[in-house]
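Asks: Handing you a structure now.
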């Protein structure tokens with residue numbers, strides 16, 4: 001079984017293989033928002049893609065978080081902590097890295113188990 | 116089933132497990148070339164490793180792209196867009212990060228399904 | 231089969247799914263040490279988590295290494311080279327990125343096959 005989701009000319013937003021779904025790096029559509037607003041958008045995009053793949057946030061294996069500015073670490077965590085499912089928190093790593101659009105403050109790459 | 120490919124003293128170039136192949140970060144052998152030349156080398160290295168693993172670029176799940184300088188984003192994309200297989204485009208994330216050799220402009224980490 | 235290991239309120243340290251274990255980014259508990267000391271701590275943390283998951287360092291598929299300062303590349307490699315299992319070396323990629331705590335010099339994200 002191999003399925004791609006939201007296939008574009010440059011990239012797809014998700015790929016499902018062997019019971020695991022891989023997501024493209026998710027960013028905010030409205031990059032004018034602050035870190036908390038962008039995080040809410042990013043996590044909503046992840047929720048939507050996981051749903052299309054037959055998974056959900058309680059099944060995330062690993063989340064790689066790229067922050068443009070580590071000064072946003074606490075704001076990122078406030079939204080993250082409210083979003084994760086207690087007792088089902090993902091593995092995670094956070095590093096600082098500049099992103100493709102200067103206004104993006106956060107990008108998250110998720111791998112999850114398909115239910 | 117567990118197979119390593121091009122095993123070195125420090126790292127292997129690929130590992131196949133459970134229907135999925137993981138590649139080491141691929142960089143250009145000739146780091147004197149510009150972003151388009153380095154991208155072509157990196158993608159050729161990926162093609163060669165995927166072939167050894169019994170996969171190919173139409174089966175890539177995720178590509179994590181590290182660019183030394185986001186000013187190379189458009190040049191990177193020109194080579195990428197010409198390389199990907201229409202309707203089988205990988206998931207992707209691109210961030211800026213300095214790489215181990217100063218002349219390297221791009222490094223790509225690929226995970227793919229084995230055919 | 232889906233198992234989380236060392237589950238916290240914000241993240242888990244490991245997740246096992248479908249014969250593969252994903253680890254959270256591992257960092258040094260004692261961040262006052264130099265790169266070699268921090269590497270030894272990080273690799274010991276990885277060894278411990280892999281053991282809890284029923285895996286070990288000879289089964290690592292991919293290691294993503296984030297170094298705060300590429301000047302530590304040689305020191306990181308000295309500890310890495312002494313740690314890896316000959317003929318079973320992991321795939322690897324190393325980039326420079328600032329980490330969440332300023333004193334952390336290295337963070338490593340590992341994916342491994344479960345024995």
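Chains as they are written, first to last, in this note's numbering: chain P, 1 to 115; chain D, 116 to 230; chain E, 231 to 345.
Every residue gets a Cβ at the ideal spot worked out from N, C-alpha and C, and that includes glycine.
Since we're looking at a predicted model, the values are computed, not measured.
1. CB-CB under 7 Å to residue 36 of chain P, same chain, minus the five flanking residues each way: which ones, in chain order?
2. Please confirm if residue 224 of chain D has its CB atom under 7 Å from at least one CB of chain E.
3. What three-state label does DSSP hand residue 121 of chain D in the structure shown?
4. What would DSSP say about residue 113 of chain P, mapped onto helix, strand or coil?
5. Quick check: residue 251 of chain E and residue 281 of chain E, are their CB atoms within less than 7 Å of each other?
6. Give the interface partners of residue 241 of chain E over in chain P, defined as CB-CB distance under 7 Å, in chain order.
7. Have a look at D/205, D/186, D/203, D/202 and flag the residue whose alpha-carbon is nearest the alpha-carbon of residue 221 of chain D.
8. So residue 175 of chain P contacts chain D; which residues on that side make the cut at Cβ distance below 7 Å?
9. What's the C-alpha gap between residue 145 of chain D and residue 154 of chain D?
10. Locate the alpha helix (DSSP H) running through residue 154 of chain D, then write down its first and last residues.
11. Do residue 248 of chain E and residue 19 of chain P have their CB atoms nearer than 7 Å?
12. When the distance is taken between beta carbons, is residue 176 of chain D closer than 7 Å to residue 227 of chain D?
13. Between the alpha carbons of residue 345 of chain E and residue 119 of chain D, how many angstroms are there, rounded?
14. Output yes if chain P places a C-beta closer than 7 Å to the C-beta of residue 228 of chain D; else output no.
15. Got a sec? Which residues, its chain only, sit under 6 Å from residue 25 of chain P by beta carbon, not counting five neighbours each side?
16. Give me the Cα-Cα distance between residue 241 of chain E and residue 294 of chain E, rounded to the nearest whole angstrom.
17. Any beta carbon of chain D sitting closer than 7 Å to that of residue 249 of chain E?
18. Measure the alpha-carbon distance for residue 159 of chain D versus residue 208 of chain D and round it to whole angstroms.
19. Between residue 183 of chain D and residue 138 of chain D, is the Cβ-Cβ spacing less than 7 Å?
20. Which residues in the same chain as residue 217 of chain D place their Cβ atom closer than 7 Å to its Cβ, once the five residues preceding and following it in sequence are excluded?
21. Considering only their Cβ atoms, is the gap separating residue 42 of chain P from residue 327 of chain E smaller than 7 Å?
22. With a cut-off of 7 Å, does the C-beta of residue 54 of chain P fall near any C-beta of chain D?
23. Which partner residues of residue 248 of chain D appear in the DSSP bridge assignment?
24. Would DSSP call residue 76 of chain P helix, strand or coil?
25. With a 10 Å radius around its C-beta and 16 neighbouring C-beta atoms as the bar for buried, classify residue 314 of chain E as buried or exposed.
26. I need the straight-line Cα distance from residue 104 of chain P to residue 196 of chain D, nearest angstrom please.
27. With distances taken Cα to Cα, identify the nearest neighbour of residue 296 of chain E among E/278, E/258, E/287.
28. I'd like to know if residue 212 of chain D contacts chain P, where contact means its C-beta is closer than 7 Å to some C-beta of that chain.
29. Alpha carbons only, please: which of E/236, E/277, E/289, E/263 is nearest the one belonging to residue 116 of chain D?
30. Can you give me the Cβ contacts of residue 53 of chain P inside the same chain, cut-off strictly under 7 Å, excluding the 5 residues immediately before and after it?
31. Grouping DSSP H, G and I as helix and E and B as strand, with all else coil, what is residue 143 of chain D?
32. Mapping the DSSP letters down to three states, classify residue 312 of chain E as helix, strand or coil.
33. According to DSSP, residue 97 of chain P sits in a beta bridge with which residue or residues?
34. Starting from residue 62 of chain P, trace the beta strand (DSSP E) in both directions and tell me its first and last residue.
35. Does residue 62 of chain P get closer than 7 Å to chain E when you measure Cβ to Cβ?
Replies: Straight from the coordinates:
1. Residue numbering aside, residue 36 of chain P sits at position 36 when the first chain is read from its first letter. So the list reads 75, 78, 79, once near-sequence residues are dropped.
2. Locating residue 224 of chain D in the second chain gives position 109, where the first residue counts as 1. The beta carbon of residue 224 of chain D falls within 7 Å of a beta carbon belonging to chain E, placing the residue at that interface.
3. If you number the second chain from 1, residue 121 of chain D lands on position 6. Strand, per DSSP.
4. On the first chain, position 113 is the one that residue 113 of chain P refers to. Assigned with DSSP and collapsed to three states, residue 113 of chain P falls in strand.
5. By one-based count along the third chain, residue 251 of chain E stands at place 21. By one-based count along the third chain, residue 281 of chain E stands at place 51. No; because the gap between Cβ atoms is not below 7 Å, this pair is not in contact.
6. Along the third chain, read from residue 1 onward, the residue named residue 241 of chain E stands at position 11. In chain order: 89, 90, 91, 92.
7. The residue you call residue 221 of chain D lines up with position 106 of the second chain. If you compare the alpha carbons of D/205, D/186, D/203, D/202 with that of residue 221 of chain D, the shortest gap goes to D/186.
8. This structure cannot speak to residue 175 of chain P, because chain P is shown only from 1 to 115.
9. Here residue 145 of chain D is taken as the residue at index 30 of the second chain, counted from 1. Here residue 154 of chain D is taken as the residue at index 39 of the second chain, counted from 1. Going by the C-alpha atoms only, they are around 11 Å apart.
10. Here residue 154 of chain D refers to the residue found at position 39 when the second chain is read from its first residue. DSSP places residue 154 of chain D inside the alpha helix (DSSP H), whose first and last residues are 150-167.
11. As a working mapping, residue 248 of chain E is identified with position 18 in the third chain. As a working mapping, residue 19 of chain P is identified with position 19 in the first chain. Cβ distance < 7 Å, so residue 248 of chain E and residue 19 of chain P count as in contact.
12. Translated into the one-based positions of the second chain, residue 227 of chain D becomes position 112. Translated into the one-based positions of the second chain, residue 176 of chain D becomes position 61. Taking 7 Å as the Cβ cut-off, residue 227 of chain D and residue 176 of chain D qualify as a contacting pair.
13. As a first step, residue 345 of chain E must be located in the third chain, where it is residue number 115. As a first step, residue 119 of chain D must be located in the second chain, where it is residue number 4. Within the model, the alpha-carbon separation for residue 345 of chain E versus residue 119 of chain D is close to 15 Å.
14. Mapped onto the second chain, residue 228 of chain D falls at position 113. At a cut-off of 7 Å, the C-beta of residue 228 of chain D has a neighbouring C-beta in chain P.
15. For the purposes of this step, residue 25 of chain P is taken as residue 25 along the first chain, with counting starting at 1. Closer than 6 Å at the Cβ level, and outside the excluded window around residue 25 of chain P, lie 107, 109.
16. Taking the third chain and counting its residues from 1, the one referred to as residue 241 of chain E is at position 11. Taking the third chain and counting its residues from 1, the one referred to as residue 294 of chain E is at position 64. Cα-Cα distance, rounded: 18 Å.
17. Taking the first residue of the third chain as position 1, residue 249 of chain E is located at position 19. It does; some Cβ of chain D falls within 7 Å.
18. Taking the second chain and counting its residues from 1, one reaches residue 159 of chain D at position 44. Taking the second chain and counting its residues from 1, one reaches residue 208 of chain D at position 93. Spanning the two alpha carbons is a distance of roughly 19 Å.
19. One-based indexing of the second chain puts residue 183 of chain D at position 68. One-based indexing of the second chain puts residue 138 of chain D at position 23. One thing to note: residue 183 of chain D has its Cβ no nearer than 7 Å to the Cβ of residue 138 of chain D.
20. The residue given as residue 217 of chain D occupies position 102 in the second chain. Residues of the same chain with a CB within less than 7 Å of the CB of residue 217 of chain D, apart from the 5 flanking positions on each side, do not exist.
21. Residue mapping note: residue 327 of chain E aligns to position 97 of the third chain, counting from 1. Residue mapping note: residue 42 of chain P aligns to position 42 of the first chain, counting from 1. Residue 327 of chain E places its beta carbon 7 Å or farther from that of residue 42 of chain P.
22. Numbered from 1 along the first chain, position 54 holds the residue referred to as residue 54 of chain P. Put simply, the CB of residue 54 of chain P is far from chain D, with every gap to its CB atoms at 7 Å or more.
23. Outside the modelled stretch of chain D, which goes from 116 to 230, sits residue 248 of chain D, for which no answer is possible.
24. As a working mapping, residue 76 of chain P is identified with position 76 in the first chain. The answer is helix: DSSP assigns residue 76 of chain P an H, G or I state.
25. Taking the third chain and counting its residues from 1, the one referred to as residue 314 of chain E is at position 84. Classification for residue 314 of chain E: buried.
26. For this step, residue 104 of chain P is matched to residue 104 along the first chain. For this step, residue 196 of chain D is matched to residue 81 along the second chain. Residue 104 of chain P and residue 196 of chain D: Cα-Cα distance of roughly 23 Å.
27. Indexing the third chain from 1 puts residue 296 of chain E at position 66. Checked all of E/278, E/258, E/287; the closest Cα to residue 296 of chain E is E/258.
28. Residue numbering aside, residue 212 of chain D sits at position 97 when the second chain is read from its first letter. Chain P contact via Cβ: present.
29. Against the second chain, residue 116 of chain D aligns to sequence position 1. Restricting attention to E/236, E/277, E/289, E/263, the CA atom closest to the CA of residue 116 of chain D is found in E/289.
30. By 1-based counting over the first chain, the position of residue 53 of chain P is 53. Excluding residues within five positions, the ones whose Cβ falls inside 7 Å are 5, 14, 16, 21, 114.
31. Position 28 of the second chain holds residue 143 of chain D. Here residue 143 of chain D sits in coil by DSSP.
32. Locating residue 312 of chain E in the third chain gives position 82, where the first residue counts as 1. Note: residue 312 of chain E maps to helix in three-state DSSP.
33. Taking the first residue of the first chain as 1, we reach residue 97 of chain P at position 97. The partner list for residue 97 of chain P (beta bridge, DSSP) is empty, contrary to what the question assumes.
34. In the first chain, the residue the question calls residue 62 of chain P occupies position 62. Where residue 62 of chain P is concerned, the enclosing beta strand (DSSP E) stretches over 60-67.
35. Sequence index remark: in the first chain, residue 62 of chain P carries index 62 (1-based). Yes, because at least one Cβ of chain E sits closer than 7 Å to the Cβ of residue 62 of chain P.
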